[in-house]
Structure formats: structure tokens, C-alpha cells
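Numbering (the numbering used here), first residue to last: 7 to 329.
Here's the structure we're looking at; comments come further down.
Okay, here's the thing in C-alpha cells:
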């Protein structure tokens, strides 16, 4: 079990990290069927000054590269070296999926539906159990970085549960372009954090198997604002100022394809659209069919399906709507 003792010594995975020390711990989760070990690197930076412990995670889904890039930049730019407290970075939680460029664990399970896990369960469940037991207990605040699945590109957004004043405060400080009310999904990492009383911000931005510099910038700068608020950001690092305030999305609706065909998107992600506005075209490959896709509500486009081909019923836009 991870813990902090009376002398402010942090113990994770049976390793002791004193105030002012740096550590890289390999979380040995399992072996491949070749018997090669698979280890999850955990990068820990501790200040000599006591303070909060912030846990930054990405790659719970192994094909979500953009979140991994956010934490990589935070480490490379030494943003994770705190003025006080501790920053724990786990850039790639699901190393198995990352190696195979897939969302799931090798057992075919979605790690983000296996928390808090089981000591004697399937591989993904065992990993989730060890994570919850050996790392999560010491965290005071968690930031978890994700992207949209498959070809669905998410605008930079923070997702929080409704009616949680603490999370709303942190979301406003992070100040992503959008803050979206989203219920916790059963057995997700976010759900496990909530049940343990650990505040967590879920960042969504970009799409799978893609790295977008604007999405990464939003994730990095939002994290810097959180660290600055907690007085953990080094004085030598300038806090990024963002004048536009995050836009709260309380409700949203999907626009689905009425026809199968080639999809041609006509608007940028994040755009404010009016109900009935022309936002895409669906065509056939032969130049004989052309259907205009129109917004079904007035709001902001927070997700776009960037797949070149869609089938009837596929979700192609996610648009906020007024209550």
C-alpha cells in the first residue's frame, strides 16, 4: 500500500522517496507470453517543501497518444519538478495497449472498465487492483488525459460530474476551452477515484493514434495553471494566461448520418453553430449522390467524426445544446 509517513517519506511499490528526491520506479505488472517482463515507468519528483501530491496519468487506453504527449511535454519541460509537494507522472498506464497500438489490454478488456479491480481476476482487473492499492492512495488530486476513440476528434475539454463544487473549481482553473458535465462510468478510473474521495479531472482532446499540437498545448497549459494555483509551479516557469473562460456544456446531442457514404466535414472543431446550419456533406463514390448534413441544435461542436467513410446511423458530430 502506498503511504506517506510522519517524516514525509513517500513509499510507493515498496520504494521510499524522501523529500527533495527524484525517482523512476518500474511498476512490474505482468509478463508477455514470451516471459519478457512488461513494466510501467512511474516518474516521481518531490520538493523538499511539503505539499499536495498530484497524480498525472495518460495512456489508460494504449492508442490514445495525445494524452501521452501531454505528460511527455510536462516531464521534458521540467514542469513536473514542484516548488512544493510531489508530482507523480505515469505517461503510459496501459503499456500493453501502447505496444500494440490498441485500446485494450491483451485479454481484450478495456482497462478503464475494470477499476477498482480484483486481486485474482483477469489481467486487466489485476492491474487495476494493483494500481488502486499501490499508487492511488497517496494522490490528493488526479489529472487523467484521454482522446476521442477511433476517428472521433474531441475538442479540448475537461469532464466532471455535475454538482461537484470542488471539481468545478479545478475545471475553471484548468480552463480548457470546454468543461462538460459527464456522469462517472461504472468501474472507470474516474469512478474509482470518486469512491476513494480523490478529486479527478478527466481531460479529453484529439483522437486515437494521432498527436495534435494544439490539443497537447491545451493539456500542458491547463496542468500548469493547476500547479500554479496549488503553489507548486516553479517561479522560473511563466504561468500561461488564457483570457477566454471555459465554456460549460451541460447537455449535448449527437448528429447521426442519415445515409452511408463518403463524409466531407465543412466546419472546424469547437465552432459555434446554429440549428439548421450546413456542417458536412455525405456523398457516394460515383458522383451521383450528395446529401447536406445540418446541425440539429444550436451550440458548440465538441466532437467531430473524421472518418472518411460513414455508415447510416454513425455518430458524426457532438453538439452542445441549451437546457
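Beta carbons are placed, not taken as given, at the ideal position from N, Cα and C, and that holds for glycine.
Beta-bridge pairing of residue i - partner residues as DSSP gives them
i	result
residue 237	Paired residue(s): none; residue 237 is not in a bridge.
residue 324	260, 309
residue 275	DSSP lists no partner for residue 275.
residue 284	300
residue 254	185
Residue burial classification, residue i (beta-carbon count within 10 angstroms, cutoff 16)
i	result
residue 197	buried
residue 41	exposed
residue 163	buried
residue 32	exposed
residue 133	buried
residue 46	buried
residue 171	exposed
residue 310	buried
residue 158	buried
residue 97	buried
residue 12	exposed
residue 30	exposed
residue 189	exposed
residue 270	exposed
residue 107	exposed
residue 38	exposed
residue 109	buried
residue 316	buried
residue 192	exposed
residue 118	buried
residue 214	buried
residue 150	buried
Helix, strand or coil at residue i [DSSP, three-state]
i	result
residue 162	strand
residue 150	strand
residue 315	strand
residue 215	coil
residue 186	strand
residue 267	strand
residue 135	helix
residue 289	strand
residue 210	strand
residue 232	helix
residue 173	helix
residue 191	coil
residue 10	strand
residue 196	helix
residue 140	helix
Same chain only: Cβ atoms within 8 Å of residue i, ignoring 5 sequence neighbours per side
i	result
residue 241	89
residue 252	164, 177, 178, 180, 181, 182, 183, 184, 185
residue 54	25, 26
residue 140	7, 8, 18, 19, 33
residue 239	85, 88, 89, 230, 233, 245
residue 327	257, 258, 259, 303, 304, 305
Cβ shell of residue i (< 7 Å), same chain only, five flanking positions each side left out
i	result
residue 179	231, 232, 235
residue 34	43, 45
residue 216	71, 72
residue 218	72, 212
residue 6	Lying outside 7 to 329, the shown extent of the chain, residue 6 is not represented and no answer is given.
residue 280	301, 304
residue 318	263, 264, 265, 266
residue 115	128, 130
residue 194	118, 119, 121
residue 59	91, 92, 94, 144, 145, 146
Beta carbon proximity, residue i to chain E, threshold 7 Å
i	result
residue 325	This model lacks chain E altogether, as it is built from one protein chain only.
Close beta carbons around residue i, own chain, < 6 Å, minus the five adjacent residues each side
i	result
residue 86	51, 80, 93, 95
residue 331	No answer is possible for residue 331: the residues shown for the chain start at 7 and end at 329.
residue 312	157, 159
residue 77	62, 64, 95, 97
residue 67	109
field: 4-residue-minimum alpha helix (DSSP H) runs that sit fully inside the stretch 17 to 99, ordered along the chain
entry: 71 to 82
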